[in-house]
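Colleague: Chains X and H, in that order, give the protein sequences. The opening position of the first sequence corresponds to residue 529 in our numbering, with each subsequent residue numbered one higher. The opening position of the second sequence corresponds to residue 178 in our numbering, with each subsequent residue numbered one higher. Before I ask anything, let me first share the structure, which is written out below as structure tokens.
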Amino acid sequence: MTSFAATTGGADAAAAAAHARSGRSIGVVVPRLARFAEPLPLACGRVLPEFELAYETYGTLAADASNAVLICHALNASHHVAGHYAGEPDNVGWWDNMIGPGKPLDTDRFFVIGVNNLGSCFGSSGPSTVNPATGAPWGADFPLVTVEDWVDAQARLADRLGVRQFAAVMGGSLGGMQALSWAVRYPDRIRHALVIAAAPNLSAQNIAFNEVARQAILTDPDFHDGRFEAHGVKPRRGLRIARMIGHITYLSDEQMEDKFGRELRDGLKFSFAPEFQIESYLRHQGEKFAEYYDANTYLRITKALDYFDPASTAGGSLARALAPAVCRFLVVAFTTDWRFAPARSREIVKALVDNHRDVSYAEIAVPHGHDGFLLDDPQYLAVVGAYCDRIAAEGAGAAHAAPGAGAPGPGSG
Amino acid sequence: MAPYLPSAAAAAGRADFATIGAWIAPAARVLDLGCGDGSLLAYLQRERKATGYGIEIDDAGVLACIGNAVNVLQSDLESGLAGFDDASFDCVILSQTLQAMRHTEAIVNEMLRVGREAIVTFPNFGHWTHRLQILRGRMPVSSSLPYQWYDTPNIHLCTVADFDAFLDQRRLEVENRVVLAGGRSVSVLPNLLGELAIYRFRKA
């Protein structure tokens, strides 16, 4: 039975990584910081005069820079995608089961870049870093950034690292949305997009869950309109509840039932202390999260999720929105994912088929719900592995040379 | 990685590849339903510069298609072709799959909705060896029907004469019909001597 590595990042991923069937860990990795002095215009109308991105790289960039793969992270993960830090063997990257020597995305062949998004709290410019204009942490003043802003910032990092065109951009959940956005925003800079456990936009229900999580933070007396650092406090209660809500949506009903059911810790006490195992599990996850995560970041990243909607700028037509994309696609969904259900991935597939794009779609039968994209299902890892093998076999020569699936659209018609 | 076990039909199918390939216009846009490991699509891409997608429900088939550099969409054909617009393909192929489908008539309708024309291939139940086995009181087992009665996926077997009647009753226009035995076209008594039937048809 699969261990319950319920997680969207952090050290929990170590449990999942322990199940990796083949390949080795990339070993010790080193986070880096890239500073960008050129201003970055944002979707909200504001401009970041300068910014920093935390990133890691694994493998070796080919002489022609054709083997670079960008990994985009989901809600609360980071640039620490694979390997571990020196002296911290348990601090394993969140997609270590996917990326490393001999793993599905093989670092012996690909140069892999993990990047931390703007507005995050793991090193890139965000609410907890210093605003150069004031010399104090940005806090609540950090702009609301969008998926498109992240992608634009990532493109600057690609420039810096000498990557003109990615062999692939790949991500799960919110990371998959970034891969999709890359394909549309920088069509000539990406040969493949791997869009995993994603959606073309959030449903009303998805936004509703995000709003409840945000309200938990915004109404925490320790939030202080986002200026909690000045008060020497942290809205832990809000973060805890936000994480508990999020966690419910990452798991399937089936998996939760299987793992916890109605199991009690120590009988009924007729109290509000945690009695059911699921209660203590959620509280534990919430506690952990509140320690390492930033409330202003959580608010911003959930907003970036809510705002993502490429079709909205194309008259509501996802097909028209995706028309500029000319890369090849692998779309993967998980049968028990009710947060971003397979039907949402099929919307992406249909829009690509309507544009005659090369796309493959795999629907992975797993019990784990949305978290499936982080875990070790043999079919899932094999599908991604086979697709990456194909990317490697094509090499750079395939750069948009293929006509697509009979594509009449822009870029190939 | 689990090896993909092609159906016996697919293994025997190289001859029908050539027949189908001859009917596919260069650079045609093709949808292959129940595409298995994608070998037919790979063949059509290579020989006819065709483009398009395969649909496959089986995990091993999907994985094999990805390895074969064929576009594959994992989906259950029984739920129809809702992901495809009307007349969005030059040709929709159903190779050695019709006999295993529950909603036979519905899938033929769907094929002619999304495709300008349809190609269907199936093992001919009317082949003399099958008839002989039934006369002997046993369910037929052969190279084209390699299953025992209790483990067969085939639930809608038919003969060449049956399929002729099926198309005729629906006023569908048969553009080509080839019946193969041992990889060669059979023109004399095809319903008795043919192992594999290949039809190309469209709305009249």
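The C-beta atom is built at its ideal place from N, Cα and C for all residues, glycine as well.
Please list, in chain order, all residues of the same chain as residue 612 of chain X whose beta carbon is under 6 Å from its beta carbon, the five residues on each side excluded.
Modeller: Here residue 612 of chain X corresponds to residue number 84 of the first sequence, with the count starting at 1. Hits under 6 Å: 619, 620.
Colleague: Kindly indicate the opening and closing residues of the beta strand (DSSP E) around residue 572 of chain X.
Modeller: Within the first sequence, the letter at position 44 stands for residue 572 of chain X. Element bounds for residue 572 of chain X: n/a, residue is neither H nor E.
Colleague: Of the residues that make up the region 863-886 of chain X, which ones have a beta carbon closer than 8 Å to any beta carbon in chain H?
Modeller: Of all residues in the region 863-886 of chain X, 874, 877, 878, 881, 882, 884, 886 have a Cβ within less than 8 Å of some Cβ in chain H.
Colleague: Chain X beta carbons: is any one of them nearer than 8 Å to that of residue 197 of chain H?
Modeller: Position 20 of the second sequence, counted from the start, is the residue given in the question as residue 197 of chain H. Not an interface residue.
Colleague: Less than 7 Å between C-beta atoms, sequence neighbours within five positions excluded: which residues of the same chain meet that for residue 579 of chain X?
Modeller: To locate residue 579 of chain X, count along the first sequence from 1; it is residue 51. Hits under 7 Å: 564, 568, 646, 653, 681.
Colleague: Just confirm the distance between the C-beta atoms of residue 707 of chain X and residue 699 of chain X, as a whole number of angstroms; I'd bet it's less than 8 Å.
Modeller: Counted from its first residue, the first sequence places residue 707 of chain X at position 179. Counted from its first residue, the first sequence places residue 699 of chain X at position 171. Right, the Cβ-Cβ distance comes to about 5 Å (below 8 Å), so this counts as a contact.
Colleague: In three-state terms, what does DSSP make of residue 318 of chain H?
Modeller: Numbered from its first residue, the second sequence carries residue 318 of chain H at position 141. Residue 318 of chain H falls in the coil class under three-state DSSP.
Colleague: Pop quiz: residue 378 of chain H and residue 287 of chain H are said to be a contact at Cβ under 8 Å. What is the actual Cβ separation, rounded to whole angstroms?
Modeller: Stepping through the second sequence from its first residue, residue 378 of chain H is reached at position 201. Stepping through the second sequence from its first residue, residue 287 of chain H is reached at position 110. Actually they are not in contact, since the Cβ atoms of residue 378 of chain H and residue 287 of chain H sit about 14 Å apart, beyond 8 Å.
Colleague: Starting from the C-beta of residue 796 of chain X, find all residues in its chain whose C-beta is less than 8 Å away, skip the five residues before and the five after it, and write them out in chain order.
Modeller: Position 268 of the first sequence, counted from the first residue, corresponds to residue 796 of chain X. Counting only Cβ-Cβ distances below 8 Å, and skipping sequence neighbours, we find 803.
Colleague: Contact criterion: CB-CB distance below 8 Å. Does residue 194 of chain H meet it with respect to chain X?
Modeller: For this step, residue 194 of chain H is matched to residue 17 along the second sequence. No, residue 194 of chain H does not count as interfacial toward chain X.
Colleague: Roughly how many whole angstroms lie between the Cα atoms of residue 628 of chain X and residue 603 of chain X?
Modeller: Residue 628 of chain X sits at position 100 when you count from the first residue of the first sequence. Residue 603 of chain X sits at position 75 when you count from the first residue of the first sequence. In a straight line, the C-alpha of residue 628 of chain X is about 22 Å away from that of residue 603 of chain X.
Colleague: Comparing alpha-carbon positions, which option in H:346, H:228, H:274 lies nearest residue 885 of chain X?
Modeller: Stepping through the first sequence from its first residue, residue 885 of chain X is reached at position 357. For the residues H:346, H:228, H:274, the minimum Cα distance to residue 885 of chain X belongs to H:228.
Colleague: Once the 5 residues before and after residue 369 of chain H are set aside, which same chain residues still bring their CB inside 8 Å of it?
Modeller: By one-based count along the second sequence, residue 369 of chain H stands at place 192. Result list for residue 369 of chain H: 303, 304, 305, 308, in chain order.
Colleague: Any chance the region 838-848 of chain X sits against the region 731-745 of chain X, with 3 or more Cβ pairs inside 8 Å?
Modeller: Taking 8 Å as the limit for Cβ pairs, the verdict is that the region 731-745 of chain X does not touch the region 838-848 of chain X.
Colleague: Does residue 868 of chain X come out as helix, strand or coil in the three-state DSSP assignment?
Modeller: Translated into the one-based positions of the first sequence, residue 868 of chain X becomes position 340. Reduced to three states, the DSSP call for residue 868 of chain X is coil.
Colleague: Run through chain H and tell me which residues come within less than 8 Å of residue 918 of chain X, C-beta to C-beta.
Modeller: Taking the first sequence and counting its residues from 1, the one referred to as residue 918 of chain X is at position 390. Those within 8 Å of residue 918 of chain X in chain H are 243, 244, 246.
Colleague: Can you tell me whether residue 594 of chain X is helix, strand or coil according to DSSP?
Modeller: Within the first sequence, the letter at position 66 stands for residue 594 of chain X. Of the three classes helix, strand and coil, the one that applies to residue 594 of chain X here is coil, per DSSP.
Colleague: Taking DSSP's pairing of strands, which residues face residue 960 of chain X in a bridge?
Modeller: Outside the displayed range of chain X (529 to 941) lies residue 960 of chain X, so it cannot be described from this structure.
Colleague: Can you tell me the Cβ-Cβ gap for residue 748 of chain X and residue 763 of chain X, rounded? I've got them flagged as a contact below 8 Å.
Modeller: Here the question's residue 748 of chain X lines up with position 220 in the first sequence. Here the question's residue 763 of chain X lines up with position 235 in the first sequence. Confirmed, Cβ separation roughly 4 Å.
Colleague: With a cut-off of 8 Å, does the C-beta of residue 236 of chain H fall near any C-beta of chain X?
Modeller: In the second sequence, counting from the first residue as 1, residue 236 of chain H sits at position 59. Cβ-Cβ to chain X under 8 Å: yes for residue 236 of chain H.
Colleague: Using a C-beta to C-beta distance shorter than 9 Å, which residues of chain X count as neighbours of residue 273 of chain H?
Modeller: The residue you call residue 273 of chain H lines up with position 96 of the second sequence. Here the premise fails: no neighbours, minimum Cβ distance about 22 Å.
Colleague: Can you tell me whether residue 364 of chain H is buried or exposed, with buried defined as 16 or more other CB within 10 angstroms of its CB?
Modeller: Position 187 of the second sequence, counted from the first residue, corresponds to residue 364 of chain H. Exposed, because fewer than 16 other Cβ atoms sit within 10 Å of the Cβ of residue 364 of chain H.
Colleague: Indicate whether at least one CB of chain H lies closer than 8 Å to the CB of residue 907 of chain X.
Modeller: Residue mapping note: residue 907 of chain X aligns to position 379 of the first sequence, counting from 1. Answer yes: the Cβ-Cβ gap between residue 907 of chain X and chain H drops below 8 Å somewhere.
Colleague: Round the Cβ separation of residue 557 of chain X and residue 723 of chain X to the nearest angstrom and send it over; I've been treating them as touching at under 8 Å.
Modeller: Within the first sequence, residue 557 of chain X is the residue found at index 29, counting from 1. Within the first sequence, residue 723 of chain X is the residue found at index 195, counting from 1. So it is not a contact: roughly 25 Å between Cβ atoms.
Colleague: Distance, Cα to Cα, residue 624 of chain X vs residue 898 of chain X?
Modeller: Counting from 1 along the first sequence, the entry for residue 624 of chain X is found at position 96. Counting from 1 along the first sequence, the entry for residue 898 of chain X is found at position 370. The alpha-carbon atoms of residue 624 of chain X and residue 898 of chain X are separated by roughly 18 Å.
Colleague: Classify residue 816 of chain X as helix, strand or coil using the three-state DSSP reduction.
Modeller: By one-based count along the first sequence, residue 816 of chain X stands at place 288. Reduced to three states, the DSSP call for residue 816 of chain X is helix.
Colleague: Check whether chain H comes within 8 Å of residue 631 of chain X, counting only Cβ atoms and requiring the distance to be less than that.
Modeller: By one-based count along the first sequence, residue 631 of chain X stands at place 103. Closer than 8 Å: no.
Colleague: Per DSSP, what kind of secondary structure is residue 786 of chain X in: helix, strand or coil?
Modeller: As a working mapping, residue 786 of chain X is identified with position 258 in the first sequence. Here residue 786 of chain X sits in helix by DSSP.
Colleague: Thinking just about the alpha-carbon of each residue, which of H:213, H:212, H:258, H:274 is nearest to the one in residue 878 of chain X?
Modeller: Within the first sequence, numbered from 1, the residue matching residue 878 of chain X stands at position 350. It is H:258.
Colleague: Residue 281 of chain H: which of H:366, H:381, H:362, H:344 sits nearest, CA to CA?
Modeller: Your numbering for residue 281 of chain H matches position 104 in the second sequence. Measuring from the Cα of residue 281 of chain H, the nearest candidate turns out to be H:344.
Colleague: Going by beta-carbon coordinates alone, are residue 267 of chain H and residue 207 of chain H separated by less than 8 Å?
Modeller: Taking the second sequence and counting its residues from 1, the one referred to as residue 267 of chain H is at position 90. Taking the second sequence and counting its residues from 1, the one referred to as residue 207 of chain H is at position 30. Their beta carbons are under 8 Å apart, which means residue 267 of chain H touches residue 207 of chain H by this criterion.
Colleague: Only counting the same chain, and skipping five residues up and downstream in sequence, which positions put a Cβ closer than 8 Å to that of residue 381 of chain H?
Modeller: For the purposes of this step, residue 381 of chain H is taken as the residue at position 204 of the second sequence. Counting only Cβ-Cβ distances below 8 Å, and skipping sequence neighbours, we find 348, 349, 350.
Colleague: Please work out which residues of its chain come closer than 6 Å, Cβ to Cβ, to residue 598 of chain X, disregarding the five sequence neighbours upstream and downstream, and give them in chain order.
Modeller: Taking the first sequence and counting its residues from 1, the one referred to as residue 598 of chain X is at position 70. Same-chain partners within the cutoff: 641, 694, 697.
Colleague: Assign residue 634 of chain X to one of three DSSP states: helix, strand, or coil.
Modeller: By one-based count along the first sequence, residue 634 of chain X stands at place 106. Strand, per DSSP.
Colleague: Consult DSSP for residue 562 of chain X and reduce its assignment to one of helix, strand or coil.
Modeller: Position 34 of the first sequence, counted from the first residue, corresponds to residue 562 of chain X. Strand, per DSSP.
Colleague: Ends of the beta strand (DSSP E) at residue 228 of chain H?
Modeller: Residue numbering aside, residue 228 of chain H sits at position 51 when the second sequence is read from its first letter. Segment 228-233, the beta strand (DSSP E) holding residue 228 of chain H.
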